[in-house]
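Student: One structure, pasted below without further comment.
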Amino acid sequence: MEKANGINQDLSTVSKDGDLLNIGEIDAETSSETPIISKQKLLEAGVYFGHKTSQWHPKMAQFLLKRKRNQTHIIDVLKTQKMLEIAYKLVEKFAQKGAKFIFVGTKKQARKVVEEQAIRTNSIYVSGRWLGGTLTNSRTILSRLKAMEDLEKQAADNFEGYTKKERLSKQKQLSKLQKNLNGIKGLRDIPLFSLIMLVADPIKDIIAVKEARKKGIKIIGITDSNVDPSLVDFGIPANDDSTKSITLIFTVLADAIAAAKGGKPLFAYQTDEQIILPEDPEREQKQNRYRRNSFEKFERFDRQNNKNHFNKNPLRDRTTQNLDSETQVQNKVNEQNEERV
Numbered sequence: 037m038e039k040a041n042g043i044n045q046d047l048s049t050v051s052k053d054g055d056l057l058n059i060g061e062i063d064a065e066t067s068s069e070t071p072i073i074s075k076q077k078l079l080e081a082g083v084y085f086g087h088k089t090s091q092w093h094p095k096m097a098q099f100l101l102k103r104k105r106n107q108t109h110i111i112d113v114l115k116t117q118k119m120l121e122i123a124y125k126l127v128e129k130f131a132q133k134g135a136k137f138i139f140v141g142t143k144k145q146a147r148k149v150v151e152e153q154a155i156r157t158n159s160i161y162v163s164g165r166w167l168g169g170t171l172t173n174s175r176t177i178l179s180r181l182k183a184m185e186d187l188e189k190q191a192a193d194n195f196e197g198y199t200k201k202e203r204l205s206k207q208k209q210l211s212k213l214q215k216n217l218n219g220i221k222g223l224r225d226i227p228l229f230s231l232i233m234l235v236a237d238p239i240k241d242i243i244a245v246k247e248a249r250k251k252g253i254k255i256i257g258i259t260d261s262n263v264d265p266s267l268v269d270f271g272i273p274a275n276d277d278s279t280k281s282i283t284l285i286f287t288v289l290a291d292a293i294a295a296a297k298g299g300k301p302l303f304a305y306q307t308d309e310q311i312i313l314p315e316d317p318e319r320e321q322k323q324n325r326y327r328r329n330s331f332e333k334f335e336r337f338d339r340q341n342n343k344n345h346f347n348k349n350p351l352r353d354r355t356t357q358n359l360d361s362e363t364q365v366q367n368k369v370n371e372q373n374e375e376r377v
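Heads up: the sequence shown is residues 37 to 377, going by the working numbering.
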């Protein structure tokens with residue numbers, strides 16, 4: 037019981053509304069000269085790409101730049117860097133206190149890194165479909181886990197004693213159960229009071245978030261410009277639609293768990309050369325290229341406008357031209373009057 041109180045006390049330092057409150061001690065620990073991830077690497081990962089301005093959530097305003105490009109919000113990379121480092125310190129501290137972690141990312145961009153980093157840190161994970169009641173209906177989930185284990189034992193004997201049709205049916209049933217339950221086999225051995233959820237997209241996995249809330253499980257997650265940050269206990273403002281962005285952030289969080297157990301980090305506090313990000317799928321590459329080109333186009337447009345504003349004022353020039361024309365006409369009239377005289 038002491039351990040539970042200790043973990044909950046540490047977790048209570050995180051504000052429930054997702055703002056930077058009551059974490060002064062952890063914030064002070066992040067004042068090292070070496071950034072957890074360089075600004076250049078964050079830009080390379082595309083963490084600054086937000087959603088369309090029409091889709092934004094007002095509570096994310098403090099993490100967004102005032103300028104918008106192509107009707108798309110831009111996330112402040114420096115704030116992403118700061119919040120990521122605080123999240124790293126939080127996760128490391130919780131892991132040292134004995135907390136367990138559940139990685140959640142059912143969207144295509146998150147599945148691979150969720151599985152890899154959860155396995156690396158000996159954590160549980162959900163990368164397929166989140167089954168309703170995973171946290172709130174333990175009886176049903178445990179019965180499904182038992183059914184999967186029974187089928188695995190039968191599969192080890194090649195479903196001996198069953199017909200070919202029955203074997204195919206059971207193999208299909210086993211594959212379906214493994215897809216949804218493989219990552220949470222260890223859930224039965226973990227008390228929920230010691231569990232912390234790391235979620236890639238609180239909107240996509242809203243059912244998981246609601247169940248965690250109902251059970252009092254603390255949540256650390258990526259909050260894009262369209263996400264209500266109060267859905268999580270601590271949010272990291274970043275792009276949640278990019279494989280590179282999600283991979284970078286989840287690997288850093290996994291580094292914190294590994295560091296608490298004496299392991300070596302893969303990304304956290306490493307040089308840019310040591311951090312190898314995965315290639316985005318072709319569709320993501322096209323979207324990112326479009327966004328980057330739009331941003332660069334508007335940046336050039338802004339620079340040109342600023343240059344024209346300071347170096348050449350068209351209105352002033354037109355006024356000067358008009359005055360010059362009037363002066364020339366008046367001079368001509370004066371000359372004609374002098375000739376007549």
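From the three backbone atoms N, C-alpha and C, an ideal C-beta is built for every residue, glycine too.
Because the structure is a prediction, the values reported are computed rather than measured.
Closest by CA to K254, which one among K221, L126, N275, Q76?
Tutor: The option with the nearest alpha carbon to K254 is L126.
Student: Go through its chain and collect everything with a Cβ distance to E128's Cβ below 8 Å, but skip five positions before and after it.
Tutor: Counting only Cβ-Cβ distances below 8 Å, and skipping sequence neighbours, we find A292, I293, A295, A296.
Student: What does the alpha-carbon distance come out to for the pair K250 and A81?
Tutor: Between K250 and A81, the C-alpha separation is close to 34 Å.
Student: If you run the structure through DSSP and keep just helix, strand and coil, what is L56?
Tutor: Residue placement at L56 cannot be trusted, given a pLDDT of 35 that sits under 50; what the coordinates show is reported in the next sentence. Residue state, collapsed to three classes: coil.
Student: Where does Y305 fall in DSSP's three states?
Tutor: In this structure, Y305 counts as coil in the three-state DSSP scheme.
Student: Counting C-beta neighbours from all protein chains within 10 Å, is the total for N173 16 or more, i.e. buried, or is it exposed?
Tutor: Exposed is the call here.
Student: Report yes or no: do the region 224-244 and the region 164-172 share at least 3 C-beta pairs separated by less than 8 Å?
Tutor: They touch, by the three-pair rule.
Student: Quick check on D193: buried or exposed, where buried means 16 or more other Cβ atoms within 10 Å of its Cβ?
Tutor: With fewer than 16 Cβ atoms within 10 Å of its Cβ, D193 is classed as exposed.
Student: Taking 8 Å as the cut-off, does the region 295-315 touch the region 266-283 (at least 3 CB pairs, one atom from each stretch)?
Tutor: At 8 Å Cβ cutoff, the stretches touch.
Student: Where do the ends of the alpha helix (DSSP H) carrying F130 lie?
Tutor: Note, F130: alpha helix (DSSP H), 113-132.
Student: What residue from A191, L167, L181 has the CA that sits closest to W243's CA?
Tutor: First, the amino acid is wrong: residue 243 is Ile here, not Trp. When each option's Cα is compared against that of I243, the closest is L167.
Student: Using the three-state DSSP reduction, which class does I255 fall into: helix, strand or coil?
Tutor: Three-state result, I255: strand.
Student: If you measure from the beta carbon of D225 to each beta carbon in chain C, is any gap under 8 Å?
Tutor: Included in the structure is just one protein chain, with no chain C present.
Student: Quick one, which of T89, L187, D260, S179 has its alpha-carbon nearest R103's?
Tutor: Out of T89, L187, D260, S179, T89 has the C-alpha closest to the C-alpha of R103.
Student: Evaluate contact between the region 211-231 and the region 150-162, counting only Cβ atoms and requiring at least three cross-stretch pairs below 8 Å.
Tutor: Taking 8 Å as the limit for Cβ pairs, the verdict is that the region 150-162 does touch the region 211-231.
Student: DSSP on G219, reduced to helix/strand/coil?
Tutor: G219 falls in the helix class under three-state DSSP.
Student: Using CA coordinates, which residue listed in N262, L267, D260, I258 is at the minimum distance from L252?
Tutor: In the sequence under discussion, the amino acid at residue 252 is Gly, which differs from the Leu named in the question. Out of N262, L267, D260, I258, L267 has the C-alpha closest to the C-alpha of G252.
Student: Since I believe D241 is in contact with V113 (beta carbons under 8 Å), could you give me their beta-carbon distance rounded to a whole number of angstroms?
Tutor: 25 Å between Cβ atoms; not a contact.
Student: Starting from I285, follow the alpha helix (DSSP H) in both directions and report where the run begins and ends.
Tutor: Unbroken alpha helix (DSSP H) run through I285: 279-296.
Student: Just the Cα atoms here: how many angstroms apart are N262 and A304?
Tutor: Taking the straight line joining both Cα atoms gives about 27 Å.
Student: Roughly how many angstroms separate the alpha carbons of T356 and L101, rounded to a whole number?
Tutor: In this prediction, T356 has a pLDDT of 46, which is less than 50 and means its spatial position is unreliable; what the coordinates show is noted afterwards. Rounded to the nearest angstrom, the two C-alpha atoms are 38 Å apart.
Student: Tell me whether E80, by its Cβ, gets closer than 7 Å to a heavy atom of the ligand NAP.
Tutor: Among the components of this structure there are no ligands whatsoever, and the ligand NAP is therefore not found.
Student: Would you mind listing the beta strand (DSSP E) stretches within the region 145-186 that are 3+ residues and don't spill past its ends, in chain order?
Tutor: As far as the region 145-186 is concerned, its whole beta strand (DSSP E) runs of at least 3 residues are 160-162.
Student: Spatial neighbours of L289 within its chain, please: CB distance less than 6 Å, with the 5 preceding and 5 following residues excluded, ordered by chain position.
Tutor: If we look at L289 and ignore the five residues flanking it on each side, its Cβ neighbours are V127, L234.
Student: Assuming K104 is part of the beta strand (DSSP E), what are its boundary residues?
Tutor: Taken as a continuous stretch (DSSP letters only), the beta strand (DSSP E) holding K104 covers 100-105.
Student: Starting from the C-beta of R156, find all residues in its chain whose C-beta is less than 8 Å away, skip the five residues before and the five after it, and write them out in chain order.
Tutor: Only A290, A294 meet the Cβ criterion.
Student: Which word fits E121, buried or exposed, when buried means at least 16 other C-beta atoms lie within 10 angstroms of its C-beta?
Tutor: E121 comes out buried.
Student: According to the Cβ coordinates, are T213 and A183 closer than 8 Å?
Tutor: Looking at the sequence provided, one finds Leu at residue 213 rather than Thr. Result yes, Cβ atoms of L213 and A183 sit closer than 8 Å.
Student: Which of helix, strand or coil does DSSP assign to P238?
Tutor: Here P238 sits in coil by DSSP.
Student: Given this structure, state the Cα-to-Cα distance separating D53 from D269, to the nearest angstrom.
Tutor: Since pLDDT at D53 reaches only 40, below the 50 mark, its modelled position is unreliable, and no value is offered.
Student: Starting from K136, trace the beta strand (DSSP E) both ways and give me its first and last residue.
Tutor: From DSSP, the beta strand (DSSP E) with K136 extends over 136-140.
Student: Starting from K95, trace the beta strand (DSSP E) both ways and give me its first and last residue.
Tutor: From DSSP, K95 is part of no beta strand (DSSP E); its letter is neither H nor E.
Student: In the DSSP assignment, what are the bridge partners of G299?
Tutor: For G299, which the question treats as bridged, DSSP gives no partner whatsoever.
Student: Using the beta-carbon count (16 or more within 10 Å), is K39 buried or exposed?
Tutor: Reliability of the predicted coordinates at K39 is poor, the pLDDT of 40 falling under 50, and the value obtained from them is presented with this limitation in mind. That one is exposed.
Student: How about K206 and F195: do their beta carbons lie closer than 8 Å?
Tutor: A contact, by the Cβ cut-off of 8 Å.
Student: Can you name, in chain order, every residue of its own chain whose Cβ lies under 7 Å from the Cβ of D264, other than the five neighbours on each side?
Tutor: Excluding positions up to five away in sequence, the list reads H93, K95.
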